[in-house]
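The block underneath contains the structure these notes are about, expressed in structure tokens.
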Amino acid sequence: MVFKKMLSALGVGGPSVDTVLTNPNTRPGLVLDGQVNLRGGEAPADIEQITLALVTRVEMEAGDSEYAGTMEFYRLPVSGPMRLEAKQQVTIPFQLPVPWETPITDVYGQRLRGMTMGLRTELAIARAVDKGDLDAVAVHPLPVHEKILGAFAQLGFQFKNADLERGHIYGVQQTLPFYQEIEFFAAPQYAHAIREVELTFVTNQHGVDVIIECDKRGGLFSGGHDTVGRYTAEHAEVDQVDWRARVEGWLGQTVASYGRHPGFGQPGKQGGHHGRHGAGGMVAGAALGLAGGMVAGEMLEDAFEGDFGDFGGE
């Protein structure tokens, strides 16, 4: 018996935990359903707590260097103290709310290169925490995200990469400690003015702040620079807008806004680490187009096709 207790303390013959998601696919603002399955080990164990946590990979800065680290951004306790007998099996159902600002990892079945997302199960026993169970999660865009991404695809922008940057964006109400950047190569008709575009969504229950950052080309006697515009869109207007026209207007305002507004700031402070911040307003929506504003999935698939990383990193 003493030997078994020692083995259990070392993690040998101890309790095992397996989290099963009903569906690993979700969207911001929805829930992840599933159950935590516990199985007792060779000896009884006192469980202090079982916690689920959403984790992802975030780019961070330390001095002059950058590195990627795993960051937890939402926790949900699913069980308090309990006694798990030897070989006993316990199932604990759960519903985990997905924060509105959760970054998008998948578009039309394709994992965005650079994105990872997982649900980690933590089993605390006798002041020790086991983080051994990690399940992949796929976060798909909301309809308003799809419309905006579809408009970029229609305009000829090609997906380059996506990542998460630690920090806060100036002038935006943001609850998570990071924001997502979805990077595109410039469409041919914009190539004379900009090299790349970075798109950020900061979503809430009413709509989304849309931050567009253009890497503007330099002229004969001037260097290149970044220019940023911030706009808004509402969930309720998703089928009432010509999104291609709106995004064209946003891009035009962003490129034209260089030098008119204060900059973001630095990571970890009140702002992200990028160029200028334009406070452009929304462009009025035109009449519905493309069959009520719907964008063909094939068009988005073409824009986002390429070498997509699997869960766990590049």
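Take 1 as the starting number for the sequence shown in full-length UniProt numbering and just add one per residue. Glycine is no exception: its CB is placed at the ideal position from the N, C-alpha and C atoms.
Open item on the list: Please tell me whether residue 255 and residue 193 are closer than 8 Å, where the distance is taken between their beta carbons.
Closed with: Position 255 of the sequence shown, counted from the first residue, corresponds to residue 255. Position 193 of the sequence shown, counted from the first residue, corresponds to residue 193. For residue 255 and residue 193, yes; Cβs fall inside 8 Å.
TODO: Please classify residue 206: is it buried, with 16 or more other beta-carbons within 10 angstroms of its beta-carbon, or exposed?
DONE: Counted from its first residue, the sequence shown places residue 206 at position 206. Exposed is the call here.
Open item on the list: I'd like to confirm the pairing. Which residues does DSSP put opposite residue 231 in its beta bridges?
Closed with: Stepping through the sequence shown from its first residue, residue 231 is reached at position 231. For residue 231, DSSP records a beta bridge to 210.
Open item on the list: Just to confirm my understanding: we take residue 97, look at its own chain, exclude 5 residues before and 5 after, and list those with CB closer than 7 Å. What are they?
Closed with: The count along the sequence shown starts at 1 and reaches residue 97 at position 97. Within the same chain, and ignoring the five residues on either side of residue 97 in sequence, the residues whose Cβ sits closer than 7 Å to its Cβ are 31.
TODO: Report all residues from its chain with a CB closer than 6 Å to the CB of residue 91; omit the five preceding and five following residues, and keep chain order.
DONE: Here residue 91 refers to the residue found at position 91 of the sequence shown. The answer, listed in chain order, is 35, 37.
Task: Alpha carbon of residue 136 to alpha carbon of residue 111, nearest angstrom - done: Sequence index remark: in the sequence shown, residue 136 carries index 136 (1-based). Sequence index remark: in the sequence shown, residue 111 carries index 111 (1-based). Rounded to whole angstroms, residue 136 to residue 111 spans 12 Å at the Cα level.
- [ ] Answer yes or no: do residue 57 and residue 164 have a C-beta to C-beta separation smaller than 8 Å?
- [x] As a position in the sequence shown, residue 57 is number 57, starting the count at 1. As a position in the sequence shown, residue 164 is number 164, starting the count at 1. Taking the C-beta atoms as reference points, residue 164 is found nearer than 8 Å to residue 57.
Open item on the list: Closest to residue 16 by C-alpha separation, out of 233, 196, 64, 124, would be which residue?
Closed with: Residue 16 sits at position 16 when you count from the first residue of the sequence shown. Scanning 233, 196, 64, 124 for the CA closest to the CA of residue 16 turns up 124.
Task: Selected residue, minimal CA-CA separation from residue 250, among 88, 239, 235, 230 - done: To locate residue 250, count along the sequence shown from 1; it is residue 250. Ranking the options by Cα distance to residue 250, first place goes to 230.
Task: Host alpha helix (DSSP H) of residue 152 (start-end) - done: Residue mapping note: residue 152 aligns to position 152 of the sequence shown, counting from 1. Looking at the DSSP string, the run of the alpha helix (DSSP H) that includes residue 152 is 143 to 154.
Open item on the list: Can you find the residues in the same chain that come closer than 7 Å, C-beta to C-beta, to residue 80, ignoring five residues on each side of it along the sequence?
Closed with: Stepping through the sequence shown from its first residue, residue 80 is reached at position 80. Hits under 7 Å: 49.
- [ ] Could I get the ranges of all uninterrupted beta strand (DSSP E) runs contained in the segment 163 to 189, with 3 residues as the minimum, in chain order?
- [x] 178 to 185
- [ ] Using the Cα positions of residue 115 and residue 105, report the straight-line distance between them to the nearest angstrom.
- [x] Here residue 115 refers to the residue found at position 115 of the sequence shown. Here residue 105 refers to the residue found at position 105 of the sequence shown. It is roughly 6 Å from the alpha-carbon of residue 115 to the alpha-carbon of residue 105.
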